[in-house]
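A.B. asks: Chains as they are written, first to last, in our numbering: chain U, 262 to 635; chain Y, 262 to 635; chain V, 262 to 635.
Glycine is no exception: its CB is placed at the ideal position from the N, C-alpha and C atoms.
Remember, it's a predicted structure, so these values are computed and weren't measured experimentally.
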């Protein structure tokens, strides 16, 4: 038991205390810190006050579908924004951003949380941002996906770049904290456990599906114990492209979904016809949608020479209709990357929200679908 | 081999060196740190100089008893104080505190070391406090219990609150450092490995006794290799209440003791008679005392509405005589929580040491027992 | 995908941004950091530009020999310097150091990288030093050995002193980073995985060869995936003295070498004749040279009472000829410790490079051998 009774101590009192210390028996060097900043005053976790929210249906898993409280199928169509912390630092963290996304008829927004940003801002500081996102999205009828935005091989704690560095322990603590805080929040529907698992051609170690599977199961159990209503989302290797291991060794937990990042150059069928693309996508990850809810938590393209052009997102534009017909015919949810002029492939060209080529395309699909039953 | 021959380098010399650096071939940026603060000058571990101590019997384990050098049974009856670091920061770290505790006829003081305090102060800085405690306690004929005061599930590195956060590695390093420093110090009799193990209803993961058992065995081996005379103390799950696993799967090491924190609301027999309490306590942890030394490293109560009242310490006061008759009839040692007006349930109301209700009760028991043979 | 398009943001713009922030909807506290220091601007790994290097043969393993591009046997004879970071801080990091070493007819220089120095300076900062070492050594025709200079038992993350503290994760990240940066650099021939493995008589835990073996194999695989041409070097327990486990349970990877630190007092044959020393050395580690390339990455001695005299390097000087005849008759490479007046046993007495007793001895051996075929 360790209930600390002391309350906020005034700085005046503290100054007195420290002065006294120099005059009495206390000859141990005293760190000149305010007692209100001391380790015993660090705040404990507290759940989000859901009385601040408007009514919004909890999303659940039913067979291979996301459903709402009435059992209606829900297909997510939306966009990723940049890391909320990066938006704050660039003065772009604003409700207007969410309003614009809503005006495109998106029903979901993905929030990529970089481990380095989480550490820089701290748990309390980052939750201040997620709280705002929850209030804005809830008011606008949007759902949120929280994404632990790392790239690498978590079991070895090796990552592509410094910004993606984290540890197994930090990842467990992140998900425990998120699940404990948002346990009563329907708005935050999906917990994307790890953005893009990869060993970069063994340069981060040998990938092992059984190891990855059991680490995800551990995280899922942890999430569930803290938030029984959240839907954990699991990604596969090759930067979240390859779900083939799910065929014979799926995650041994109910009520979860899978994620895929099917950028255009991840598959290279010959010849590159729509039919051939669909065949490869079906084999690599599309088959998962027959048994589990599936969501492409990132997709998008840019023309060679276009803004932020880089492998594996280069495409002449045929990708848009091809991937949309694949997704929509199978009821697969999707989130386009990225509703930000600084992260490619971009959906907007500037902060006046001018749609890019792919932006205009995905906007049109969302607006057409918003009128239909799903 | 890496014996560094250089000694303290004067700041004047260093300034010269750094100035010279700017003028010569050295175009690498040089951190403007004193060489005396450089990584190669960080001090190595050194053992406590036990020639500073008065004669005091080493405590050992014999069957289910603590015994002194003459084989006499020793039963610890004492109090926990607050974390020494917190006391320093509040100007309450003083020999007078130990003198007052001695005047209550306690024979032991427990020192709860929070991981966050250990990190804030650093190994050298924290040992400065423990060294003082050893000198004060030794002079007064008191024994000390060092307690790694975390709450949570160490195998998963998940904890109740930020102040309790640690890692397996930090815990191993803490115990190696403590055991190496106090290997020759009889005063520091018990090493309480981990204050309160719990998964908080699986919200910190699934608890597994075998995992917990083997981690404790690893720490015990580490302690023993550095300090063969220390007595490691092991706690069970449910915030150190439940020792039932010891029945069939005890820790596979000799010479250890077990800890329990039997706060009043941890058991709820119906009706709540003394006989029924004793029956439940016997089943949950009391049986351990038949085979091993057992010590309640925390116990105490407060009346509903009293100072710092909180679950699970609420009780009308009947708890005091009930738990004392249970402990004393079985030779179980005990330490009351907490000899500090800021940590509940309190034993003192203020820094003039005015006893609280439970404080007066435990003081009386200690004074009565001090006159008896044990 | 996470390509950030933003480039360096001017401080003026940032100031504007932060000011604006106070006036608009953004009421979240903004850390007052330049965006150029933000987590998303931290630089990614980049390989060393090998076009800056003169032609130098890659070293490979062939049977129990190091060989050059023509298949000629290479025997390394050289010296360790101090940690480059320590040399910078003392204004001794200079090409002249490498020139002096070359003038002694050494063909290799060992660079001990202390984990604490690596952390203090940071990856980019430390690579700036290693880059310089590569350029200097390459120009002078020297080979380099990078040594992760820790002492302790890495599987338990417990170490002899604070300066040697590291973690498994940090060690993996270090070797991945080094291998990725120097993959095209023949100059950096040997990667010495861990300087001196030891549990200090179980005070850091129980040593287990199988655990140590598999951790080394994991690191070797990681190195190889990033740098297929590097030669990983593995050490045994007892401060890198004992390789007896290699007899029956060698590291299960091809193309590696073993390291030994055969300081004089590690063996104590009776009577201490050359023949008896050779017999013990053959049994403890010399036998390894029959099947694998072997290199004594540290050796040296000092007379009792001499500069920096300490166990286990004390010797009357007979050690020099005894160990040299052992090494040279078996084709074992060796590196003397230490070409620095501050780290004992010293090879130089001062920064005018005056040879010590052992310095003069090893200098003579190197100069004699430099004239021979190997």
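Among all the DSSP beta bridges, which residues are the ones paired with residue 414 of chain V?
C.D. replies: Along the third chain, one-based indexing puts residue 414 of chain V at 153. According to DSSP, residue 414 of chain V bridges with V:419.
A.B. asks: Could you check the C-alpha separation between residue 306 of chain Y and residue 460 of chain V for me, to the nearest Å?
C.D. replies: Numbered from 1 along the second chain, position 45 holds the residue referred to as residue 306 of chain Y. Numbered from 1 along the third chain, position 199 holds the residue referred to as residue 460 of chain V. Answer to the nearest angstrom: the Cα atoms are 15 Å apart.
A.B. asks: Quick one: Cα of residue 573 of chain U to Cα of residue 527 of chain U, how far?
C.D. replies: Mapped onto the first chain, residue 573 of chain U falls at position 312. Mapped onto the first chain, residue 527 of chain U falls at position 266. Rounded to whole angstroms, residue 573 of chain U to residue 527 of chain U spans 6 Å at the Cα level.
A.B. asks: So, using beta-carbon positions, are residue 507 of chain V and residue 519 of chain V closer together than 8 Å?
C.D. replies: On the third chain, position 246 is the one that residue 507 of chain V refers to. On the third chain, position 258 is the one that residue 519 of chain V refers to. For residue 507 of chain V and residue 519 of chain V, yes; Cβs fall inside 8 Å.
A.B. asks: If we count the other Cβ atoms within 10 Å of its Cβ and call it buried at 16 or more, is residue 345 of chain V buried or exposed?
C.D. replies: Residue 345 of chain V sits at position 84 when you count from the first residue of the third chain. The residue in question, residue 345 of chain V, is buried, as its Cβ has 16 or more Cβ neighbours within 10 Å.
A.B. asks: Between the Cα of residue 332 of chain U and those of U:323, U:343 and U:544, spot the shortest distance and give me the residue it belongs to.
C.D. replies: Translated into the one-based positions of the first chain, residue 332 of chain U becomes position 71. Comparing Cα positions, the closest option is U:323.
A.B. asks: Is residue 390 of chain V helix, strand or coil when you go by DSSP?
C.D. replies: Residue mapping note: residue 390 of chain V aligns to position 129 of the third chain, counting from 1. The answer is helix: DSSP assigns residue 390 of chain V an H, G or I state.
A.B. asks: Any beta carbon from chain U within less than 8 Å of residue 318 of chain Y's own beta carbon?
C.D. replies: Working through the second chain from its first residue, we reach residue 318 of chain Y at position 57. For residue 318 of chain Y, the answer is no, since every Cβ of chain U falls outside 8 Å of its Cβ.
A.B. asks: Return no unless some Cβ of chain V is closer than 8 Å to the Cβ of residue 397 of chain Y.
C.D. replies: Position 136 of the second chain holds residue 397 of chain Y. Taking Cβ atoms only, chain V never reaches closer than 8 Å to residue 397 of chain Y, which makes this a no.
A.B. asks: If we count the other Cβ atoms within 10 Å of its Cβ and call it buried at 16 or more, is residue 474 of chain U buried or exposed?
C.D. replies: To locate residue 474 of chain U, count along the first chain from 1; it is residue 213. Residue 474 of chain U is buried by the Cβ-count criterion.
A.B. asks: Quick check on residue 284 of chain U: buried or exposed, where buried means 16 or more other Cβ atoms within 10 Å of its Cβ?
C.D. replies: As a working note, residue 284 of chain U is residue 23 in the first chain. Its pLDDT being 30, under 50, residue 284 of chain U is placed unreliably in this model, and the value from its coordinates should be taken loosely. Label assigned to residue 284 of chain U: exposed.
A.B. asks: What does DSSP give as the partner residue(s) for residue 409 of chain Y in the beta ladder?
C.D. replies: Taking the first residue of the second chain as position 1, residue 409 of chain Y is located at position 148. Note: residue 409 of chain Y sits in a beta bridge opposite Y:374.
A.B. asks: Does any residue of chain U have a CB that is nearer than 8 Å to the CB of residue 528 of chain V?
C.D. replies: Taking the third chain and counting its residues from 1, the one referred to as residue 528 of chain V is at position 267. Chain U, which has no Cβ nearer than 8 Å to the Cβ of residue 528 of chain V, makes this no.
A.B. asks: List the endpoints of the continuous alpha helix (DSSP H) containing residue 321 of chain Y.
C.D. replies: Translated into positions along the second chain, residue 321 of chain Y becomes position 60. Residue 321 of chain Y -> not in any alpha helix (DSSP H); beta strand (DSSP E) instead, spanning 321 to 323.
A.B. asks: Would you say the beta carbon of residue 572 of chain U comes nearer than 7 Å to a heavy atom of the ligand PLP?
C.D. replies: Absent from the structure shown: the ligand PLP. Ligands present: none.
A.B. asks: For residue 617 of chain U versus residue 626 of chain U, is the C-beta distance shorter than 8 Å?
C.D. replies: If you number the first chain from 1, residue 617 of chain U lands on position 356. If you number the first chain from 1, residue 626 of chain U lands on position 365. Their beta carbons are not under 8 Å apart, which means residue 617 of chain U does not touch residue 626 of chain U by this criterion.
A.B. asks: Within the 8 Å Cβ cut-off, does residue 417 of chain U reach chain V?
C.D. replies: Here residue 417 of chain U refers to the residue found at position 156 when the first chain is read from its first residue. Taking Cβ atoms only, chain V reaches closer than 8 Å to residue 417 of chain U, which makes this a yes.
A.B. asks: Just how far apart, CA to CA, sit residue 446 of chain V and residue 309 of chain V?
C.D. replies: The residue given as residue 446 of chain V occupies position 185 in the third chain. The residue given as residue 309 of chain V occupies position 48 in the third chain. Rounded to whole angstroms, residue 446 of chain V to residue 309 of chain V spans 8 Å at the Cα level.
A.B. asks: In this structure, does DSSP put residue 517 of chain Y in helix, strand or coil?
C.D. replies: For this step, residue 517 of chain Y is matched to residue 256 along the second chain. Residue 517 of chain Y: coil per DSSP, three-state reduction.
A.B. asks: Would you mind reading off the limits of the alpha helix (DSSP H) that contains residue 632 of chain U?
C.D. replies: For this step, residue 632 of chain U is matched to residue 371 along the first chain. Start and end: 618 to 632.
A.B. asks: Does any residue of chain V bring its CB to less than 8 Å from the CB of residue 466 of chain U?
C.D. replies: Taking the first residue of the first chain as position 1, residue 466 of chain U is located at position 205. It does; some Cβ of chain V falls within 8 Å.
A.B. asks: Hey, does residue 597 of chain Y have any beta-carbon neighbour from chain U nearer than 8 Å?
C.D. replies: As a working mapping, residue 597 of chain Y is identified with position 336 in the second chain. False, the Cβ-Cβ gap to chain U never drops below 8 Å.
A.B. asks: If you draw a straight line from the C-alpha of residue 553 of chain Y to the C-alpha of residue 501 of chain U, how long is it?
C.D. replies: What you label residue 553 of chain Y is simply residue 292 of the second chain in a count that begins at 1. What you label residue 501 of chain U is simply residue 240 of the first chain in a count that begins at 1. The straight-line gap from Cα to Cα measures roughly 53 Å.
A.B. asks: Mind listing which residues of the segment 322 to 352 of chain U have their C-beta closer than 7 Å to chain V's C-betas, in chain order?
C.D. replies: If the cut-off is 7 Å between Cβ atoms, the segment 322 to 352 of chain U has 347, 349, 350, 351 and 352 near chain V.
A.B. asks: Pull up the CB-CB distance for residue 604 of chain V and residue 389 of chain V, whole angstroms please, since I reckon it's below 8 Å.
C.D. replies: For the purposes of this step, residue 604 of chain V is taken as residue 343 along the third chain, with counting starting at 1. For the purposes of this step, residue 389 of chain V is taken as residue 128 along the third chain, with counting starting at 1. The Cβ separation is near 22 Å, so there is no contact.
A.B. asks: Strictly by DSSP, which residues pair up with residue 328 of chain U?
C.D. replies: Taking the first residue of the first chain as 1, we reach residue 328 of chain U at position 67. Answer by DSSP bridge pairing, in chain order: U:321 and U:334.
A.B. asks: Go ahead and pull the three-state DSSP assignment for residue 545 of chain U.
C.D. replies: The residue given as residue 545 of chain U occupies position 284 in the first chain. Correct three-state label for residue 545 of chain U: helix.
A.B. asks: Assuming residue 476 of chain Y is part of the alpha helix (DSSP H), what are its boundary residues?
C.D. replies: The residue labelled residue 476 of chain Y in the question sits at position 215 within the second chain. Counting along the chain, the alpha helix (DSSP H) containing residue 476 of chain Y begins and ends at 470 to 487.
A.B. asks: Checking contacts by CB at 8 Å: is residue 515 of chain U closer than that to chain B?
C.D. replies: Of the protein chains in the structure, U, Y and V, none is chain B.
A.B. asks: Less than 8 Å between the beta carbons of residue 424 of chain U and residue 379 of chain V, yes or no?
C.D. replies: Looking up residue 424 of chain U in the first chain gives position 163. Looking up residue 379 of chain V in the third chain gives position 118. Result no, Cβ atoms of residue 424 of chain U and residue 379 of chain V do not sit closer than 8 Å.
A.B. asks: Could you please give me the residues that DSSP links to residue 457 of chain U through a beta bridge?
C.D. replies: As a position in the first chain, residue 457 of chain U is number 196, starting the count at 1. Its beta-bridge partners are U:412.
A.B. asks: Cβ closer than 8 Å: which chain Y residues qualify as neighbours of residue 463 of chain V?
C.D. replies: Along the third chain, read from residue 1 onward, the residue named residue 463 of chain V stands at position 202. Per Cβ cutoff of 8 Å: 482 and 486.
A.B. asks: Please go through the segment 421 to 454 of chain U and give each complete alpha helix (DSSP H) segment of 4 or more residues, from N-terminal end onward.
C.D. replies: Counting whole runs of 4 or more residues, the segment 421 to 454 of chain U contains the alpha helix (DSSP H) stretches 429 to 442.
A.B. asks: Within its chain, find whatever has a CB closer than 7 Å to the CB of residue 321 of chain Y; leave out the 5 residues flanking it on each side and keep chain order.
C.D. replies: In the second chain, residue 321 of chain Y corresponds to position 60, counting from 1. So the list reads 328, once near-sequence residues are dropped.
A.B. asks: Candidates Y:330, Y:392, Y:402 and Y:391: which alpha carbon is nearest residue 364 of chain Y's?
C.D. replies: The residue labelled residue 364 of chain Y in the question sits at position 103 within the second chain. Of the candidates Y:330, Y:392, Y:402 and Y:391, the one whose C-alpha sits nearest the C-alpha of residue 364 of chain Y is Y:402.
A.B. asks: Give a yes or no on whether the C-beta atoms belonging to residue 337 of chain V and residue 404 of chain V are separated by under 8 Å.
C.D. replies: The count along the third chain starts at 1 and reaches residue 337 of chain V at position 76. The count along the third chain starts at 1 and reaches residue 404 of chain V at position 143. The answer is yes: Cβ separation under 8 Å.
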